[in-house]
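Report on the following structure.
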Amino acid sequence: MQLIFRLMPFLSILCVTLPNTAVCKPNPISCRLWTDPQAPGIFMDGDFVIGGIFSIHYYTRSEMNTYTWQPSQLQCSGSMDFRELRFARAMQFSIHEINNRSDLLPGITLGYQIHDSCSSVPMSIKVAFQFANGVESAFNDTDICSKSAAAPAIIGESASTPSISMARTLGLFGIPQVSHYATCSCLSDKLQYPAFFRTIPSDQHQAAALAKMVKHFGWTWIGAVRSDSDYGNYGMASFLKAAQAEGICVEYSEAYYRTQPRSKLERVANVIRRSTARVIVAFIASGDMRFLLEELARQPPPPLQWIGSETWIIEPELLRYNMCAGAIGFGIPKSVIPGFREFLLDLTPTEALKSPMLTEFWESSFSCKLKGQTDVTEGPRLCDGSEDIRALNNAYTDTSQLRVTNMVYKAAYAIAYAIHGLICNDTQCDKNIKFTPWQIRNQLRRLTFTTRNGFQVSFDSNGDPPALYELINWQVDKDGSLNFITVGQYDSSKPTGQEFRMTRNIIWVGAQTEVPKSVCSERCPPGTRKAVQKGRPVCCYDCIQCAEGEISNNTDSLDCLRCSPEFWPNIKQDSCLPKPVEFLSWDDTLSIILTVFSIAGAFMAVCVAAVFYKHRASPIVKANNSELSFLLLFSLTLCFLCSLTFIGQPSEWSCMLRHTAFGITFVLCISCVLGKTLVVLMAFRATLPGSDVMKWFGPPQQRLSVLAFTLIQVLICVLWLTISPPFPFKNIKQYKERIILECGLGSTIGFWAVLGYIGVLALLCFILAFLARKLPDNFNEAKFITFSMLIFCAVWITFIPAYVSSPGKFTVAVEIFAILASSFGLIICIFAPKCFIIIFRPDQNTKKHLMGKVPAKAL
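With mature numbering (1 follows the signal peptide of the UniProt record, and there is no 0) applied, the sequence shown corresponds to residues -24 to -1, 1 to 835, in that order.
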């Protein structure tokens, strides 16, 4: 309500200015404003008068309105911002420089009206109406309705919120506004602000650059504080959106404005003090930042790494706060404007008296009153001419790092080039050419030029320039004072990933050279995955070890990956290694032991054969069917040796050989034992009166029976190998962490047919030997065959569960053990007693002894 009441005088202006015209409505009173307009602080007449508005003061004088009388005029209060005054003087310098050029607007004089907005929206709107309606009574004593005296373009405002208000007003008239310091991304919306331009990049670029920088240095847990204004709210919203896309979590996001109650500022300061985030991003106007730092200085928080936006990170007045040492942020590139420093210092008391702004600056800087001012009998002394402006050391005279000042310089030149493009040809200009503000706006959109100090100026479709920033670091000098140091650059026009370019080392908070940490949870090492803590941001998590068989080879992995079937994680679970392949190799201790027993058994069989061959004419050898005995010893030798085929890496041929060789040799062996058993049994039957049974069990029949039994096994093996032979394969299911290289059976029916046939023969042999066990002792070897078959059957019956339950290579070892055990059982039980008699009891190796007592027992 108060704002509307203050604007009523300007809304009631009866002169409505259209582009290049003025229509005065009939009014019996005249075309005078209800109240006096705002007088410019610095002005100069010219063929075209460019408007300027800067935040020279921070406040406007406030009063309680009763709405019973006309409120007083808006007036600025508070101390003067000398930096903003330098900006205003930069506009003045630029226009004087343009007027002195012969190649730009020759024969044309540019003027200016520079106003103070007092950082106030009402004052900004008031001045905007003056520029839009062409009010001249601020400095001309006339009651006549002015003809078109609207400013062709405006430079300013410094802050975003007043600039938004001005842009809405000026946009209605199409008057271009070129801001040097309003960075709110909202001003890029050409539907709302069609005539707004700026020489400083939009916060949209800065917010994205800040998020990339935070991500680049590994900070995932930050605090955020902003000005509760259009600049802070829009800028922080853009940053938070970009930070979220980069995986950055914000512990808190607080806002305040310097005019809000002190309790709000105290609450924000307490949040910062209690936070665990050690990095804080501040999207704050310089004035608000000063209030915050003063509040934090009352009770300093733990050391914080400040990340600043361009408004305060290059503010010289804030360098006195040592708690910000190490702060980094993006600033406008510094520049040098030739002749500008001399222009600033070429200010005399006489010149200062011509402008209220300069008068206030002079008197504030030297604490004296200029002549011609109010009575000085009391208060400050009268200025006596001894004041030396070159001795001053403040923001006005500091031209060491002209950053925003250069934006004002570029804005003035942009407007001059736009006017030049409308009224000038190659040689001369015509100031009588009429043009509208919309034409200047369109001309600004097409501009591309380079200023005298080497900076290129252009605007995109949104009225924004390309984003070019310097990375500023607050470093402590040798004398202990803080200073701005450029440590890198950011150029949005570069390809993705190449926007940053570091030029020197950064000194962080606490004078550290290592990047400080600011994380909610420490990074999860490889071999673990992140598990978000319930109810907390995604940056707060626990590190969970990967499950068995899974790995994570990156830091902060969200998920673990399962290794392929032939691979297994290492101990740290950060990589998959090939699973060790296990088989019964030749260099294995167990293999060596089994090999020794195998060779020993074969050697024993050969030795027994040698003994039998040497004593082949002895009665005991003849009585025990020497032919079958030698064939049995030969088959036992093969049985011992076939166990060697089970040792070593399985191959296609070894898998087929080991099972078929085992099956055939054992059938040959059992066939011989079976033949011997039948001979023993039938020989006793032949001693009975009238028996001629031996004619059916002579040597030819014995050979034929052995051959027939063996051929059956050979036929089974041929069918097995033809239909589905054994094959080598990698068993990856039995054990998770290793591969068992073994021989697949191919056809399980074939395998069990081979074993079953051996079992049938062995069982038959055992039964027959058991029936012949009570034959006369001196002649009968049936009891030895019975023992051997008992051992054989016991071994292979035990083999089946042991074979099924044995792990890995021990499965093969069990099979070899069964072969060796049964072979040793046969050779020991059948041949050991005979060899004992032949070698140690030769007196019993006689036919008389063998034909001795014969019990008259029947079977």
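Glycine included, C-beta positions come from ideal geometry on N, C-alpha and C.
Practice task
List the whole-angstrom C-beta distance separating residue 602 from residue 588, where the pair is believed to meet the contact cut-off of C-beta under 8 Å.
Solution key: 7 Å
Exercise for the section: Would you kindly work out how many angstroms separate the C-alpha atoms of residue 806 and residue 573, rounded to a whole number? Expected result: 19 Å
Exercise for the section: Quick one: give me the first and last residue of the alpha helix (DSSP H) that residue 707 is part of. Expected result: Segment 703 to 707 is the beta strand (DSSP E) holding residue 707; no alpha helix (DSSP H) there.
Practice task
For residue 851, collect the residues of the same chain with a Cβ closer than 7 Å to its Cβ; drop the 5 residues on either side in sequence, then sort them by chain order.
Solution key: The structure shown has nothing for residue 851, since the chain only spans -24 to 835.
Problem - 4 or more residues per run - each alpha helix (DSSP H) lying fully within the segment 711 to 796 - result: 724 to 747, 758 to 781
Problem - Three-state secondary structure assigned by DSSP to residue 94 - result: coil
Practice task
Give me the Cβ distance between residue 522 and residue 506, rounded to the nearest whole Å; I'm assuming they're in contact under 8 Å.
Solution key: Actually they do not touch by this definition, with Cβ atoms about 11 Å apart.
Exercise for the section: Could you check what DSSP says for residue 257 in three-state terms: helix, strand or coil? Expected result: strand
Handout entry: Beta-carbon proximity list for residue 139, same chain, < 6 Å, skipping 5 on both sides
Key = 133, 155, 158
Handout entry: DSSP state of residue 506 mapped onto helix, strand, coil
Key = strand
Problem - Straight-line gap, residue 686 to residue 708 (C-alpha atoms, nearest Å) - result: 37 Å
Practice task
Within the segment 157 to 204, note down every full beta strand (DSSP E) run reaching 3 residues or more, in order along the chain.
Solution key: 172 to 174, 197 to 203
Exercise for the section: Keeping to the same chain, check which residues put their C-beta closer than 8 Å to that of residue 629; ignore five residues upstream and five downstream. Expected result: none
Practice task
Compare the C-alpha of residue 414 against each of 276, 746, 108, 542 and name the closest.
Solution key: 108
Handout entry: Range covered by the beta strand (DSSP E) that runs through residue 460
Key = 458 to 467
Handout entry: Coil, strand or helix - residue 20 by DSSP
Key = strand
Handout entry: Neighbourhood of residue 616 by C-beta distance below 6 Å, restricted to the same chain and skipping five residues each side
Key = 574, 577, 578, 799
Exercise for the section: May I ask you to report which of helix, strand or coil DSSP gives residue 800? Expected result: helix
Exercise for the section: Under 8 Å by Cβ, that's how I've got residue 172 and residue 199 pegged, so tell me the actual separation to the nearest angstrom. Expected result: Contact doesn't hold; Cβ gap of about 32 Å is too wide.
Handout entry: Three CB pairs or more closer than 8 Å across the segment 555 to 570 and the segment 617 to 625
Key = yes
Handout entry: For residue 264, three-class secondary structure by DSSP
Key = helix
Exercise for the section: Take residue 692 and list the residues in its own chain whose beta-carbon comes closer than 8 Å to its own, dropping the five residues that flank it on each side. Expected result: 639, 726, 729, 730, 733
Practice task
Give the single residue among 74, 177, 32, 16 whose Cα lies nearest to the Cα of residue 469.
Solution key: 177
Practice task
State the beta-bridge partners of residue 526 as determined by DSSP.
Solution key: 538
Handout entry: Proximity below 7 Å, CB of residue 26 to CB of residue 129
Key = yes
Handout entry: C-beta contact flag for residue 187 and residue 213 at 7 Å
Key = no
Exercise for the section: Compute the minimum distance between the beta carbon of residue 369 and the heavy atoms of the ligand GDP, and state whether it is under 6 Å. Expected result: This structure lacks the ligand GDP, and indeed carries no ligand of any kind.
Handout entry: Neighbourhood of residue 93 by C-beta distance below 6 Å, restricted to the same chain and skipping five residues each side
Key = 29, 31, 99, 100, 133, 138
Problem - Buried or exposed (CB count within 10 angstroms, at least 16 for buried), residue 10 - result: The predicted position of residue 10 is uncertain, since its pLDDT is 49 and thus under 50; a value taken from the coordinates is nonetheless stated next. Label assigned to residue 10: exposed.
Handout entry: CA-to-CA distance, residue 369 to residue 871, given in whole angstroms
Key = Missing from the structure shown is residue 871; the chain here goes from -24 to 835 and no further.
Exercise for the section: Apply the 10 Å Cβ neighbour rule to residue 149 and answer buried if 16 or more other Cβ atoms are within range, or exposed otherwise. Expected result: buried
Exercise for the section: Go to residue 304, then tell me how far its beta strand (DSSP E) extends in each direction, as first and last residue. Expected result: 304 to 307
Problem - Euclidean distance between Cα positions of residue 422 and residue 49 - result: 40 Å
Exercise for the section: Specify, as a first and last residue, the run of the beta strand (DSSP E) that residue 492 falls within. Expected result: Per DSSP, residue 492 belongs to no beta strand (DSSP E) and is neither H nor E.
Practice task
With DSSP as the reference, label residue 276 as helix, strand or coil.
Solution key: coil
Exercise for the section: Would you be able to state if there are at least three C-beta pairs under 8 Å between the segment 241 to 261 and the segment 194 to 208? Expected result: yes
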